[in-house]
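See below for the structure under consideration.
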Amino acid sequence: MIIDINFIGLIIASIMASAVPLILASCGELITERSGVLNLGVEGMMIIGAISGFALMTVTGSLIIAIFGAMLAGVLISTIFAFLTQTLITNHVATGLALTIFGIGISAMIGKNFVGIPGKEFPVLFEGFKDTIPLLGPILFGHSIVFYFAFALPFITSYFLKKTKTGLIVRAVGDSPESASNQGINVRLVRYACILYGGAMSGLAGAYLSMIYTPQWIENMTGGRGWIALALVVFSTWNPIKILIGAMIFGGLTIIQFHMQAIGVRIPVQFLTALPYIVTIIVLVVISRDSRKIRLSTPSSLGKSFYKDN
Amino acid sequence: MIKIVKRDQPSRAIFFFTPVLAIFLTLVAGGLIFFILGFKPFEALKFFFIVPIADKYGFSELLLKATPLCLIAIGLSFCFKSNNWNIGAEGQLTFGAIVSGGVALLFYEQEGFYILPIVILAGAIGGMLYASIPAILKTYFNTNEILVSLMLVYVSKLILDYLVVGPWSNPEGFNFPETRQFSDSAKLPLLFEGLRIHAGIFLALTAVVISWFVFYKTYLGFQMKVSGFSLKTAKYAGYKGKKMIILVFLISGACAGLAGVGEITGPIGQLHREISPDYGFTAIIVAFLGRLHPVGIIFASLVVAITYLGAETAQIFMQIPKYTGQVFQGMILFFLLASDYLLFFKFKFIGSKK
Numbered sequence: 000m001i002i003d004i005n006f007i008g009l010i011i012a013s014i015m016a017s018a019v020p021l022i023l024a025s026c027g028e029l030i031t032e033r034s035g036v037l038n039l040g041v042e043g044m045m046i047i048g049a050i051s052g053f054a055l056m057t058v059t060g061s062l063i064i065a066i067f068g069a070m071l072a073g074v075l076i077s078t079i080f081a082f083l084t085q086t087l088i089t090n091h092v093a094t095g096l097a098l099t100i101f102g103i104g105i106s107a108m109i110g111k112n113f114v115g116i117p118g119k120e121f122p123v124l125f126e127g128f129k130d131t132i133p134l135l136g137p138i139l140f141g142h143s144i145v146f147y148f149a150f151a152l153p154f155i156t157s158y159f160l161k162k163t164k165t166g167l168i169v170r171a172v173g174d175s176p177e178s179a180s181n182q183g184i185n186v187r188l189v190r191y192a193c194i195l196y197g198g199a200m201s202g203l204a205g206a207y208l209s210m211i212y213t214p215q216w217i218e219n220m221t222g223g224r225g226w227i228a229l230a231l232v233v234f235s236t237w238n239p240i241k242i243l244i245g246a247m248i249f250g251g252l253t254i255i256q257f258h259m260q261a262i263g264v265r266i267p268v269q270f271l272t273a274l275p276y277i278v279t280i281i282v283l284v285v286i287s288r289d290s291r292k293i294r295l296s297t298p299s300s301l302g303k304s305f306y307k308d309n
Numbered sequence: 000m001i002k003i004v005k006r007d008q009p010s011r012a013i014f015f016f017t018p019v020l021a022i023f024l025t026l027v028a029g030g031l032i033f034f035i036l037g038f039k040p041f042e043a044l045k046f047f048f049i050v051p052i053a054d055k056y057g058f059s060e061l062l063l064k065a066t067p068l069c070l071i072a073i074g075l076s077f078c079f080k081s082n083n084w085n086i087g088a089e090g091q092l093t094f095g096a097i098v099s100g101g102v103a104l105l106f107y108e109q110e111g112f113y114i115l116p117i118v119i120l121a122g123a124i125g126g127m128l129y130a131s132i133p134a135i136l137k138t139y140f141n142t143n144e145i146l147v148s149l150m151l152v153y154v155s156k157l158i159l160d161y162l163v164v165g166p167w168s169n170p171e172g173f174n175f176p177e178t179r180q181f182s183d184s185a186k187l188p189l190l191f192e193g194l195r196i197h198a199g200i201f202l203a204l205t206a207v208v209i210s211w212f213v214f215y216k217t218y219l220g221f222q223m224k225v226s227g228f229s230l231k232t233a234k235y236a237g238y239k240g241k242k243m244i245i246l247v248f249l250i251s252g253a254c255a256g257l258a259g260v261g262e263i264t265g266p267i268g269q270l271h272r273e274i275s276p277d278y279g280f281t282a283i284i285v286a287f288l289g290r291l292h293p294v295g296i297i298f299a300s301l302v303v304a305i306t307y308l309g310a311e312t313a314q315i316f317m318q319i320p321k322y323t324g325q326v327f328q329g330m331i332l333f334f335l336l337a338s339d340y341l342l343f344f345k346f347k348f349i350g351s352k353k
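Chains as they are written, first to last, in numbering that gives the first Met the number 0: chain Z, 0 to 309; chain F, 0 to 353.
Structure below.
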């Protein structure tokens with residue numbers, strides 16, 4: 000059997016495509032967590048982004064409005080979380096859960112009128128170069144702008160955290176809010192900004208799902224990707240570059256599922272579908288086993304409220 | 000002028016008042032949402048919260064929905080009191096239902112008084128087994144219990160799906176994704192002719208009584224409370240932290256498993272794909288709304304159960320999408336958390352001098 004080398008390229012490209020929403024949401028959450036805030040509402044923000052993007056695309060017909068609208072929706076919904084956890088000092092875990100439950104409900108409510116409507120084609124870049132290079136052609140070319148942005152994001156995020164002053168401030172706020180505050184940094188403001196940014200990225204991740212990856216609206220279409228994104232942040236030990244690796248592994252598991260079925264491997268489909276969740280657990284166990292290493296890389300104030308009397 | 004001042008001590012009166020405030024605010028916000036969607040707010044709220052429970056049948060349905068919520072929330076309160084974030088009760092419910100359903104299927108053509116207790120016990124054990132996974136991984140491998148327990152929810156639903164479609168599907172069932180009917184001896188008895196409320200409610204009430212006793216009358220309850228306040232203090236006092244983590248997870252798994260038993264051996268009497276409309280997640284809200292207090296949880300489970308019924312009624316009579324139920328549930332928790340602000344802070348009115 001001769002395997003077409005371009006076919007392998009296509010498989011790798013499809014793995015990358017399924018990694019995109021994970022990378023976007025994880026990189027957003029990573030910034031939020033680096034500032035010391037644990038937002039468990041990723042799944043909720045993502046699904047809100049998915050329906051907002053799809054609805055705006057159907058109603059306005061503009062892809063640009065839809066993409067930015069989805070990000071704005073992510074920002075708006077995460078504002079609730081920010082207000083509760085930062086201004087009213089609520090528990091991060093409980094508030095994040097409420098955000099997810101609320102988000103799934105609201106999205107299904109809005110999405111009722113958009114079920115069964117076909118999506119639009121999203122323009123891809125460099126389509127013509129796809130056949131110029133064997134193997135690499137399908138990997139590098141012919142993707143949406145969001146795809147390229149997602150694969151640049153971990154590097155941008157890493158640069159931002161390590162090399163810029165704002166990045167340093169975010170890290171300082173996450174590692175020691177008291178000292179940051181004593182240095183005159185407005186801890187609450189920084190955290191607000193990081194939460195809203197995380198919301199925007201989750202919204203974008205959702206929009207990618209409903210507008211580009213499977214261009215239609217399906218209830219609950221995020222299917223736990225938001226939670227896997229959260230797990231990826233732990234997997235990466237808060238290092239954005241490692242998110243890339245983790246997201247590719249999970250993307251790979253999703254894609255392998257389809258190909259195993261296509262080849263006719265006799266494994267129950269439910270087992271293959273469960274694989275990403277099971278692997279997430281195994282990976283979490285392997286990563287967290289070394290408690291010293293986890294403690295060193297976790298933002299010290301993660302999930303703890305900060306209150307300053309003034 | 001109004002000034003916000005931190006309280007020296009959280010106010011006890013407000014502790015029990017805020018859930019009521021949260022429910023009130025949810026109603027106001029809900030009315031607003033109905034108004035935005037183009038419905039008459041008061042009429043919609045009436046269909047949502049009053050019409051569903053106005054007759055005997057409705058009240059029985061309310062208790063039917065409140066039973067699993069109450070049972071699971073009681074279990075979760077053990078976890079939450081001691082700072083363990085088990086959010087995978089839905090998975091423990093599903094796995095409990097799988098195990099007890101499997102046992103019930105073994106006896107499918109037998110009758111006997113001994114069958115039901117075995118089926119119930121199997122459900123509790125199933126839930127405990129499933130809850131022990133995040134507990135053991137947390138205690139011995141330092142793994143985040145939130146993510147593990149949640150991932151296991153998806154896995155349990157896929158196991159159930161595999162079983163009812165594949166090996167356990169009814170051989171005479173025309174390939175419907177469901178198992179055989181259990182024998183009558185494996186079903187929880189119905190309490191009233193023509194109503195669906197079943198004996199599962201006694202399981203919930205027993206759990207309430209036992210949990211009250213454990214929380215307020217035993218050393219274990221005290222230990223849980225201390226660990227909830229401060230893990231450092233608990234360690235200093237020499238409590239066996241690991242043992243307690245596993246214990247609270249087992250208790251909450253057993254409760255969720257029992258809720259699963261109630262769902263399949265109650266009115267339905269078989270395993271099928273959708274055994275729970277996310278009771279496991281909603282029970283998290285119930286636990287908080289009930290202030291992790293057994294009696295509070297009874298009231299909270301009744302209130303939250305209405306959102307399930309109301310969503311169905313409102314959909315039938317007013318074409319309001321049924322997901323409004325989830326929106327209401329999310330809002331209750333938001334408002335509850337927000338009004339907790341009043342626990343720790345108070346508004347001081349300072350008279351302006353002229």
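Positions of the beta carbon are idealized from the N, C-alpha and C atoms, including for glycine.
- Beta-bridge annotation (DSSP): residue 4 of chain F is paired with F/345.
- Excluding its 5 nearest sequence neighbours in each direction, residue 167 of chain Z has no C-beta neighbour in its own chain below 7 Å.
- The Cβ neighbour count for residue 190 of chain Z, taken over all protein chains shown within 10 Å, is at least 16; the residue is labelled buried.
- Contact annotation: in the region 274 to 290 of chain Z, residues whose CB is within less than 7 Å of a CB in chain F are 276, 277, 279, 280, 283, 284, 287, 288, 290.
- Within chain Z, no residue has its beta carbon less than 8 Å from that of residue 307 of chain F; the closest one is some 12 Å off.
- Proximity of the region 59 to 74 of chain Z to the region 218 to 233 of chain Z falls short of the contact definition, fewer than three beta-carbon pairs being nearer than 8 Å.
- The beta carbons of residue 305 of chain F and residue 52 of chain F sit closer together than 8 Å.
- Look at residue 259 of chain Z: its C-beta is not under 8 Å from any C-beta on chain F.
- Flagged as an interface residue toward chain Z: residue 150 of chain F, by a C-beta distance shorter than 8 Å.
- A Cβ of chain Z is located within less than 8 Å of the beta carbon of residue 142 of chain F.
- Inter-residue distance for residue 82 of chain Z and residue 24 of chain F is about 17 Å (C-alpha atoms, whole angstroms).
- The beta carbon of residue 253 of chain Z does not come within 8 Å of any beta carbon belonging to chain F, so the residue lies off that interface.
- In terms of Cβ geometry, residue 4 of chain Z and residue 134 of chain Z form a close pair [threshold 8 Å].
- Within the region 68 to 148 of chain Z, the complete alpha helix (DSSP H) runs of at least 4 residues fall at 91 to 110, 135 to 139.
- Residue pairing by DSSP places residue 189 of chain F opposite F/197 in a beta bridge.
- Cβ neighbours of residue 223 of chain F within its own chain (closer than 6 Å, five residues either side excluded): 80, 81.
- For the 8 Å CB-CB criterion, residue 48 of chain Z and residue 204 of chain Z form a contact.
- Setting aside the 5 residues that flank it on each side, residue 185 of chain F is surrounded in the same chain by 103, 106, 114, 115, 118, 264, each with a C-beta closer than 7 Å to its C-beta; the list follows chain order.
- By the C-beta criterion, the region 240 to 250 of chain F is judged not to be in contact with the region 260 to 279 of chain F, since fewer than 3 inter-stretch pairs fall below 8 Å.
- Under the Cβ criterion of 8 Å, residue 94 of chain Z is counted among the residues facing chain F.
- Contact annotation: residue 65 of chain F and residue 341 of chain F have beta-carbon atoms that are not nearer than 8 Å.
- Residues of the region 205 to 226 of chain Z with a C-beta less than 9 Å from any C-beta of chain F: 218, 222, 223, 226, listed in chain order.
- For residue 258 of chain Z, the enclosing alpha helix (DSSP H) starts and ends at 239 to 262.
- In this structure, DSSP gives residue 177 of chain F an extended state, which the three-state scheme calls strand.
- Under the 10 Å beta carbon count, residue 206 of chain Z is surrounded by 16 or more other beta carbons and is classified as buried.
- The CB of residue 339 of chain F comes closer than 7 Å to the CB of 89 in chain Z, given here in chain order.
- Of all residues in the region 94 to 108 of chain Z, the ones placed with a Cβ closer than 7 Å to any Cβ belonging to chain F are 94, 96, 97, 100, 101, 103, 104, 105, 107, 108, in chain order.
- Residue contact with chain Z for residue 136 of chain F: present (Cβ-Cβ distance below 8 Å to some residue of chain Z).
- Around the C-beta of residue 49 of chain F, fewer than 16 other C-beta atoms lie within 10 Å, and the residue is accordingly described as exposed.
- With respect to chain Z, the C-beta atom of residue 145 of chain F has a partner C-beta closer than 8 Å.
- Non-local beta-carbon contacts of residue 180 of chain Z in its own chain, meaning distances under 8 Å to residues more than five positions away in sequence, involve 186, 305, 307 in chain order.
- Counting C-beta pairs with one atom in each stretch, the region 150 to 160 of chain Z and the region 231 to 240 of chain Z have three or more that are closer than 8 Å, which means they touch.
- Per the C-alpha coordinates, the member of F/321, F/337, F/338, F/235 positioned closest to residue 106 of chain Z is F/321.
- Bridge pairing for residue 271 of chain F: F/177 [DSSP].
- The C-alpha of residue 260 of chain Z lies about 10 Å from the C-alpha of residue 254 of chain Z.
- Counted as a single uninterrupted DSSP element, the alpha helix (DSSP H) harbouring residue 160 of chain F occupies residues 144 to 164.
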